[in-house]
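Just so you know, the sequence shown maps onto residues 20 to 90 in our numbering. Note that beta-carbon positions come from the ideal geometry of N, C-alpha and C, so glycine has one too. To keep things clear, I will list the structure first and then write my remarks on it.
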Amino acid sequence: MPNIGPAEIIVVLVIALLVLGPKRLPEMGKSVGKGMREFKNALTTDSSDDDDETPAKKRLAKTEDELAPGA
């Protein structure tokens, strides 16, 4: 994968400025940064949410057993 140099970064920023405008560009940067931060936090946090899924899985299994004919 080729490296991105300063010239390419400047071109991308100029295009973004033309497309989004000077007022929306900081808002978009903030929202992208917030999304990246949330994604990073989701990857690094402990997966303690798995315990919350267990009752749902049990309810699903119970429902499947009730729907099974002649079990």
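Backbone CA spacing between residue i and residue j [nearest angstrom]
i	j	result
Asn22	Leu39	25 Å
Leu86	Gly52	47 Å
Three-way DSSP call (helix, strand, coil) for residue i in this model
i	result
Pro41	helix
Pro25	helix
Thr63	helix
Nonlocal neighbours in the same chain, by C-beta distance under 7 Å from residue i, ignoring five residues either side
i	result
Ala35	Leu44
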